[in-house]
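Reading through the structure tokens given below for one structure.
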Amino acid sequence: MTDVVLPCRNEAAALPGLLSRMPAGYRPIVVDNGSTDGSAAVARAYGAEVISVTEPGYGAAVHAGVLAAGPDDGVVCVMDADGSFDPAQLPRLADPVRRGVAQLGTGRRRPVAAGVWPLHARVANAVLARRLRRTTGLDVHDIGPIRAVRRDDLLALGLRDRRFGYPLELLIEAGRAGWRVVEMDVDYHPRAAGTRSKVTGTVLGTVRAVRDMSAVLAR
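Under the UniProt record's numbering, think of the first position of the sequence shown as 1, with each following residue one higher.
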């Protein structure tokens, strides 16, 4: 069994479709990070394990979910809970890690339709990815919100960021540790109706994410 950590804040509208498409052998852990729309109850109704985290921030939610993940096959996946990714593609990222071909499998978003990835967010991502390539030498092009890694390896990195800088810190530390990192294309869909991105949904959200990630790069 492979655990899938789903950081969640007000994603009740997306969870039914997302959880019902989880592939066999993948167990969802929904990490409720202050939702006010009943996300936790919806997740439980669809059979997911639910944990609550009071500390705000994407990194805080992911870290709590990783701690809650079981040992099983040792691989844990992380994916946004907004319906923008197809869980059927998780094995694409997890299998290379499971086979020992890579220590981290990360997704490169490929929008399936125009307007899925707003220009301001795409530009910010490209700038950060270019700085990351120069800093670490990793051949990655997306600060991906979908990934697979062995739980023990991830915890051993000792990541500290608990906000939007968490995914970038992971890639930086993976590069410093000499990890084999593979980046694979994943479909990027429109968010489920009734949900709103905390990052790409507004210019302000993107600015906050870039601020957090820039602070990580400056360490």
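Just so you know, even glycine gets a beta-carbon here, dropped at the ideal spot from N, CA and C.
Assign residue i to one of three DSSP states: helix, strand, or coil.
i	result
residue 17	helix
residue 121	helix
residue 11	coil
residue 104	strand
residue 2	strand
residue 201	Here residue 201 scores only 49 on pLDDT, less than 50, and its place in the model is too uncertain to base an answer on.
residue 127	helix
Please classify residue i as buried or exposed, where buried requires at least 16 other C-beta atoms within 10 Å of its C-beta.
i	result
residue 39	buried
residue 121	buried
residue 1	exposed
residue 119	exposed
residue 134	exposed
residue 147	buried
residue 28	buried
residue 123	exposed
residue 65	buried
If you measure from the beta carbon of residue i to each beta carbon in chain B, is any gap under 9 angstroms?
i	result
residue 12	Protein chain content of the structure displayed is limited to a single chain, and chain B is not contained in it.
Out of the options, state which residue places its alpha-carbon closest to the alpha-carbon of residue i.
i	options	result
residue 8	35, 16 and 127	35
My assumption, with CB atoms under 8 angstroms, is that residue i sits in contact with residue j. Please give the rounded CB distance.
i	j	result
residue 112	residue 187	5 angstroms
Can you find at least 3 beta carbon pairs, one from the stretch 43-58 and one from the stretch 162-170, that sit closer than 8 angstroms?
Judged by Cβ distances under 8 angstroms, the stretch 43-58 makes contact with the stretch 162-170, as three or more pairs qualify.
At a cut of 8 angstroms, does the stretch 137-146 reach the stretch 99-117 through at least three beta carbon pairs?
Yes, since at least three Cβ pairs between the stretch 137-146 and the stretch 99-117 fall closer than 8 angstroms, the two stretches touch.
Touching by the beta-carbon criterion (3+ pairs, under 8 angstroms), the stretch 184-194 and the stretch 83-99:
Yes, since at least three Cβ pairs between the stretch 184-194 and the stretch 83-99 fall closer than 8 angstroms, the two stretches touch.
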